[in-house]
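There are 2 protein chains.
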Amino acid sequence: MSPAENATRPGGRTARTRAAVLAAVGEELAEHGYDGLTVDGVAARSGVHRTTVYRRWGTVEGLLVDLLTTGADDSWAPADTGSLEGDLVSLNREVRTALAAAASLTVAVIAASFRMQGAADALSGFWRDRYERSAIVVTRAIERGEVPAGTDAERVLMLATAPLYHQLVLRRQPMSAAVAKRYAEDAAAAARAGIVLQR
Amino acid sequence: MSPAENATRPGGRTARTRAAVLAAVGEELAEHGYDGLTVDGVAARSGVHRTTVYRRWGTVEGLLVDLLTTGADDSWAPADTGSLEGDLVSLNREVRTALAAAASLTVAVIAASFRMQGAADALSGFWRDRYERSAIVVTRAIERGEVPAGTDAERVLMLATAPLYHQLVLRRQPMSAAVAKRYAEDAAAAARAGIVLQR
DNA sequence: TTGTTAATGCGACTGGTGTTGCATTAAGAT
DNA sequence: ATCTTAATGCAACACCAGTCGCATTAACAA
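In the order they appear, the protein sequences are chains E and R. Start counting the first sequence at 1; every next residue gets the next number (the numbering used here). Start counting the second sequence at 1001; every next residue gets the next number (the numbering used here).
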């Protein structure tokens, strides 16, 4: 980022309060979970005044959105293991780790997205970016001749990852790493069998 | 149900109140969506006093849970079309219809489940029941020799339906009936190819 | 019909979230 | 060093959601 950013006065104090507040959000989230996350709690822990938090972030959801966009890793890319199956297994391992954590930031933002449009948009953008970047694992598999040309990347990724979201986030049931891996293997096998073709 | 139910005094007034309130919930939900659903709004529309609603249902989530469990169809069973693919396509059509509706009760309960344990439990139970009943479509396919013995019913159902939940509920992106159908076809094809075996 | 009491109606109250006007502090320019 | 003003601190306030005690209504039993 450029040192000027785009804020009107991004100097030391503003940056400090912002850092203190966002850090407090992470700590409160880990300690009390999403349900126990309140603006007052964050303000008290950060040492910043209630009013300041309300003025700059508005709501709990605003805090989460800021944390999500700030924490987004611009350099993220799916692992390149040399095979589609390996890549998908690696991807599912990452997704499972993010979702199965006791106080998952991802799950917290998902919960927030049902209440606040801003959180929904941030999450939607996050996923769009991730799935676009992930499409390369299918492209590489096509180039290697591992799967047929015309294999639908989006559908392959969906078959691999969607069960994790459904079971861990919506159904709230545990899923072992082995089962998560198996969904990745299923998606890879289906792609290799020429089942997941575009039309 | 037996006429006695299990309430202490289930007579005319109680039943009327309950019916009026639950009807109001449905109407408010259709009119204002989940975000605009408030206890006061429901009470005003139903003509029942605020306090009564609070006493009997506690919160908005309690109202939704009651509506969900009341509306649950005990006789539900997956369609028997004669083929695994047909059965899964039919299933996905049902799921998509339930999720894509403008003011979907299912989506409302999902949203509520992130706030209230009772809603989460009700939803969890609802899904467990549905997936257990749905497993028969794989059993039938095995009996017909359409798919190998040892095909994992749960995984087949997950591959077919999870993408719908992920895209429609979490990513909040539209999904055409054609795409929903394709995921059902993918799952059926993968099962036929012997990819989705238990281990 | 009469009596009992669960269920409901009613109003006042509490607690917590979010807002507003003004004073104070400190970042950045000169 | 001094000035300007954005950012923050502070206290008082408004506003809902949710609760509580008590009065009233009506379901069920006798």
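Backbone N, C-alpha and C fix where the C-beta goes; we use that ideal spot for every residue, glycine too.
- In the structure shown, the three-state DSSP call for leucine 1123 of chain R is helix.
- The C-beta of alanine 102 of chain E comes no closer than 8 Å to any C-beta of chain R.
- Residue-level contact check: methionine 1175 of chain R does not touch chain E, since none of the beta carbons of chain E fall below 8 Å from its beta carbon.
- At a cut-off of 8 Å between beta-carbon atoms, tryptophan 57 of chain E makes no contact with chain R.
- Distance check between tryptophan 57 of chain E and each of E:Gly33, E:Val25 and E:Pro78 places E:Val25 closest, using alpha-carbon atoms only.
- The distance from the Cβ of threonine 1106 of chain R to that of alanine 1098 of chain R is about 5 Å, consistent with a contact at the 8 Å cut-off.
- Straight-line measurement puts the Cα of alanine 177 of chain E at about 25 Å from the Cα of alanine 1149 of chain R.
- Arginine 1013 of chain R sits exposed, since fewer than 16 C-beta atoms from the chains shown fall within 10 Å of its C-beta.
- In the same chain as alanine 1030 of chain R, and ignoring 5 residues on each side of it, the C-beta atoms closer than 7 Å to its own belong to Ala1103, in chain order.
- For alanine 189 of chain E, at least one C-beta of chain R is nearer than 8 Å to its own C-beta.
- DSSP places arginine 1013 of chain R inside the alpha helix (DSSP H), whose first and last residues are 1012 to 1032.
- For alanine 20 of chain E, the CB contacts under 8 Å within the same chain, skipping 5 residues up- and downstream, are Ser46, Gly47 and Val48 in chain order.
- Valine 196 of chain E places its beta carbon less than 8 Å from that of threonine 151 of chain E.
- Within chain R, the residues whose beta carbon sits less than 7 Å from that of arginine 171 of chain E are Ser1124 and Trp1127, listed in sequence order.
- Between alanine 149 of chain E and chain R, the shortest Cβ-Cβ separation is not below 8 Å.
- By the Cβ test, the region 123 to 142 of chain E is not in contact with the region 1077 to 1090 of chain R, since fewer than three Cβ pairs between them sit closer than 8 Å.
- Counting only the Cα atoms, proline 174 of chain E lies some 21 Å from arginine 1171 of chain R.
- Spanning the alpha carbons of tyrosine 183 of chain E and serine 1134 of chain R requires a straight line of approximately 19 Å.
- When C-alpha distances from leucine 63 of chain E are compared across E:Gln198, E:Lys181 and E:Ala112, the shortest belongs to E:Ala112.
- Around valine 196 of chain E, the beta-carbon contacts reaching into chain R at under 8 Å are Asp1186.
- Assigned with DSSP and collapsed to three states, threonine 151 of chain E falls in strand.
- According to the DSSP secondary-structure assignment, leucine 197 of chain E is paired through a beta bridge with E:Thr151.
- At a cut-off of 8 Å between beta carbons, arginine 133 of chain E makes no contact with chain R.
- Counting along the chain, the unbroken alpha helix (DSSP H) around serine 1113 of chain R starts and ends at 1105 to 1113.
- In this chain, the alpha helix (DSSP H) harbouring glycine 1041 of chain R covers 1039 to 1046.
- Within chain R, Leu1159, Ala1162, Pro1163, Tyr1183, Asp1186, Ala1187 and Ala1190 have C-beta atoms less than 9 Å from the C-beta of leucine 159 of chain E, given in sequence order.
- Closer than 8 Å to the CB of histidine 1032 of chain R there is not a single CB belonging to chain E.
- In its chain, beyond the 5 residues on either side, Val1095 and Leu1099 have a beta carbon closer than 8 Å to the beta carbon of tyrosine 1165 of chain R.
- DSSP, reduced to helix, strand and coil, places threonine 97 of chain E within a helical segment of the structure shown.
- In this structure, valine 1039 of chain R lies away from arginine 1055 of chain R, with their beta-carbon atoms at least 8 Å apart.
- In this structure alanine 1120 of chain R is not in contact with tyrosine 1034 of chain R, their Cβ atoms being roughly 15 Å apart against a cut-off of 8 Å.
- Within 10 angstroms of the beta-carbon of arginine 144 of chain E lie fewer than 16 other beta-carbons, which makes it exposed.
- Glycine 1041 of chain R and glutamine 1198 of chain R have their C-alpha atoms roughly 50 Å apart.
- Taking all protein chains in view, the Cβ of glutamate 132 of chain E is surrounded by fewer than 16 other Cβ atoms within 10 Å, so the residue is classified as exposed.
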